[in-house]
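Enquirer: I have a structure here, written as C-alpha cells, and I will follow up with some questions on it.
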Amino acid sequence: MKEIAIEELKLGECLSKDIYNDLGNIILAQGTELHAKHLEYFRNHGINFVYVEEQISHNQTADISRVITSSKYRELNSGYAIVLESFKRMYYQVQNKDFQFDMKTIEEDIKPLVDILLSDNDILGSMRLLSFKESYHFTHAVNVSMFGAMLGKWLGLDKQTIYTIATAGLLHDIGKTQVPQEILFKTDRLSLAELDLVRSHAKLGYELLKENAAIPRDVLAAILFHHERSDGSGYPSGLKEEQTPFIARIIGVVDVFDAITSDRIYKKGVSSFRAFNILKDESFRGLDPTISDVFMSNIASFFINNRVKLNDGRVGEVVYVNKFALNRPLIKIKDSFIDLSSDYTLDIEEVLTHQH
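Residue numbers (full-length UniProt numbering): 1 to 356.
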C-alpha cells in the first residue's frame, strides 16, 4: 500500500485503508474503487492524501467490488456519515449566524445516500443497519431526509424532485438552531410560552435561509410549512391541505413517523407498527391521507418475514399484512397463528430482525 496525493489518483484505484470522519465513523471503506465523485468529495472536504493498493489484478478488483457491493452496511454507513457531518457543520454555522455555508456540497453529499436508498425499498431494514450515537436533532434531520426520499420514490416522483425532498428533509428543522437549548432538551412538559418558542422554528428556519439563493424555493416552502395540517390546525399559518405545498406535506408525514419511532432523551421510540396507529390518527386530523397511506402501505409490505416481539413477551414472525389494518398483521408463533386485527389485547412491542 502507498500514500498518494489526491491530484495523482487514477480512477479505478482501490483504497487500501478505511477513511474516517471526525466522528470516528467510516466514510469510505478499504477496497472501495475510486470514481470521480470520490475525488470531488476529497477536494471539497480537504482530504489531500489517501492510501491505495500499489498493484491489484483484475480478478482481485472484481472480488473487492463484489464484497463492497454486498456490504450494504458499509456503503450506507459511509453515505449517512457524510451527510450527518455536512449537516452538523451547517447547523453550527447557522446557529452562529454564519450563512456562508456551501449548499452545493451539502446537496452533492445527499445524492449518493439517496441513490443507495432508492436501490432497495426496504428502508426500515436499511435504518436498522445504522449505528450512530449522535444527538437526536442531527440524526432526525438525516432520517427525515432518507424517509422523504423513499416516499418520493413510492409516489412516483422524478429523481430531481426526490433529491429536492431529501434536501428539504435535512433542513426542515434548521430553525431550531435559534431555539434555546434548555427548551429543546427539556424533559418536563413545556409551558405554553415554551411551546410557542419551539413552534416558531418553522418560521425562524425560513427567515434564516430565505436570502440564500442556492436553496431551492421548494425547500424553503417545506421548511416553513411542514407543520401545517389539512384541517387548518397546524402552524405557522393555519393552511389547509390544498394550500400547503406538496413537498411540505411529504415532509410532514415522514417527520411525524421518525419523531415517534426515534429514542429521545425523555422517551423511548414506539415500534413502527404502533407508529401506524398514530399516523392514521394524524391523517384524520391533518396529515395528507393519500401521502400517509402510500407511506404506510409501502413500509408495511416489508414487515413480512420480520420477527416481532408482542406485548405479552412472545416472539413470532409476520406472515401477512392486512392492507385494511396495516398495524395489525397475522403473526406465526411456532405452529399457531395470531391475527392481531381481531385480537386487540395483543400488540407489537418491537420489530427484531429481518429474515432474508
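From the three backbone atoms N, C-alpha and C, an ideal C-beta is built for every residue, glycine too.
Where does LYS88 land, buried or exposed, given buried means 16+ other C-beta within 10 angstroms?
Expert: To locate residue 88, count along the sequence shown from 1; it is residue 88. Flag for LYS88 reads buried.
Enquirer: Do you know whose CA, among SER283, GLY238, SER272 and ARG274, lies nearest ILE250's CA?
Expert: Within the sequence shown, the letter at position 250 stands for residue 250. When each option's Cα is compared against that of ILE250, the closest is SER283.
Enquirer: Could you check which residue in ILE82, TYR73 and ALA248 has the C-alpha nearest to that of ILE123?
Expert: As a position in the sequence shown, residue 123 is number 123, starting the count at 1. Cα-wise, what sits closest to ILE123 is TYR73.
Enquirer: Whole angstroms is fine: what's the gap from GLU317's alpha carbon to GLN178's?
Expert: Numbered from 1 along the sequence shown, position 317 holds the residue referred to as residue 317. Numbered from 1 along the sequence shown, position 178 holds the residue referred to as residue 178. Each residue's Cα considered, the two are about 45 Å apart.
Enquirer: Taking Cβ positions, are ASP102 and THR164 nearer each other than 8 Å?
Expert: Numbered from 1 along the sequence shown, position 102 holds the residue referred to as residue 102. Numbered from 1 along the sequence shown, position 164 holds the residue referred to as residue 164. Contact flag unset, no.
Enquirer: Entirely within the stretch 150-200 and at least 4 residues each: give me those alpha helix (DSSP H) ranges in chain order.
Expert: Within the stretch 150-200, the complete alpha helix (DSSP H) runs of at least 4 residues are 159-171, 181-184 and 192-199.
Enquirer: Helix, strand or coil: which one does DSSP assign to PHE302?
Expert: Taking the first residue of the sequence shown as position 1, residue 302 is located at position 302. In this structure, PHE302 counts as coil in the three-state DSSP scheme.
Enquirer: For HIS227, which residues in the same chain have their Cβ closer than 6 Å to its Cβ, ignoring the five residues on either side in sequence?
Expert: In the sequence shown, the residue the question calls residue 227 occupies position 227. Within the same chain, HIS227 has close Cβ partners ALA202, GLY234 and TYR235.
Enquirer: Mark SER336 as exposed unless 16 or more other C-beta atoms lie within 10 angstroms of its C-beta, in which case mark it buried.
Expert: If you number the sequence shown from 1, residue 336 lands on position 336. By the 10 Å Cβ count, SER336 comes out exposed.
Enquirer: Can you have a look at SER191 and say buried or exposed, based on whether 16 or more other CB atoms are within 10 angstroms of its CB?
Expert: Translated into the one-based positions of the sequence shown, residue 191 becomes position 191. Under this definition SER191 is an exposed residue.
Enquirer: Please report the residue range of the beta strand (DSSP E) in which PHE337 lies.
Expert: Within the sequence shown, numbered from 1, the residue matching residue 337 stands at position 337. Per DSSP, PHE337 belongs to the beta strand (DSSP E) from 336-339.
Enquirer: I'd like to check one pair, ILE333 with ARG307: are the Cβ atoms closer than 8 Å?
Expert: What you label residue 307 is simply residue 307 of the sequence shown in a count that begins at 1. What you label residue 333 is simply residue 333 of the sequence shown in a count that begins at 1. Result no, Cβ atoms of ARG307 and ILE333 do not sit closer than 8 Å.
Enquirer: Return the bridge partner residues of ILE331 from the DSSP annotation.
Expert: On the sequence shown, position 331 is the one that residue 331 refers to. Paired residues: VAL318 and ILE338.
Enquirer: Give me, in chain order, the residues of the same chain whose beta-carbon lies closer than 8 Å to that of LEU220; leave out the 5 immediate sequence neighbours on both sides.
Expert: Along the sequence shown, one-based indexing puts residue 220 at 220. So the list reads TYR206, LEU209 and LYS210, once near-sequence residues are dropped.
Enquirer: Using 10 angstroms around the beta-carbon of ALA248, count the other beta-carbons present and answer buried if the total reaches 16, otherwise exposed.
Expert: Within the sequence shown, the letter at position 248 stands for residue 248. So ALA248 counts as buried.
Enquirer: Report yes if the CB atom of residue 357 is closer than 8 Å to the CB atom of PHE273, and no otherwise.
Expert: Because the chain in this structure spans residues 1 to 356, residue 357 falls outside the shown range and cannot be described.
Enquirer: Assign THR290 to one of two classes, buried (16 or more other C-beta atoms within 10 Å of its C-beta) or exposed (fewer than that).
Expert: Along the sequence shown, one-based indexing puts residue 290 at 290. Exposed, because fewer than 16 other Cβ atoms sit within 10 Å of the Cβ of THR290.
Enquirer: Return the CA-CA distance between PHE99 and LEU326, expressed in angstroms with no decimal places.
Expert: Here residue 99 refers to the residue found at position 99 when the sequence shown is read from its first residue. Here residue 326 refers to the residue found at position 326 when the sequence shown is read from its first residue. Roughly 44 Å separates the two Cα atoms.
Enquirer: My output table needs one value for ILE19: the three-state DSSP class, helix, strand or coil.
Expert: Position 19 of the sequence shown, counted from the first residue, corresponds to residue 19. Correct three-state label for ILE19: strand.
Enquirer: Report yes if the C-beta distance between ASN48 and ILE6 is below 8 Å; otherwise report no.
Expert: The count along the sequence shown starts at 1 and reaches residue 48 at position 48. The count along the sequence shown starts at 1 and reaches residue 6 at position 6. Going by C-beta atoms, ASN48 is nearer than 8 Å to ILE6.
Enquirer: Since I believe GLY169 is in contact with GLY148 (beta carbons under 8 Å), could you give me their beta-carbon distance rounded to a whole number of angstroms?
Expert: Translated into the one-based positions of the sequence shown, residue 148 becomes position 148. Translated into the one-based positions of the sequence shown, residue 169 becomes position 169. Sure, about 4 Å apart at Cβ, within 8 Å.
Enquirer: Just the C-alpha distance for ASP255 and ALA213, rounded to the nearest angstrom, thanks.
Expert: Numbered from its first residue, the sequence shown carries residue 255 at position 255. Numbered from its first residue, the sequence shown carries residue 213 at position 213. Approximately 25 Å between the Cα atoms of the pair.
Enquirer: Return yes when the Cβ of ASP258 is within less than 8 Å of the Cβ of ASN77, no when it is not.
Expert: Working through the sequence shown from its first residue, we reach residue 77 at position 77. Working through the sequence shown from its first residue, we reach residue 258 at position 258. Taking 8 Å as the Cβ cut-off, ASN77 and ASP258 do not qualify as a contacting pair.
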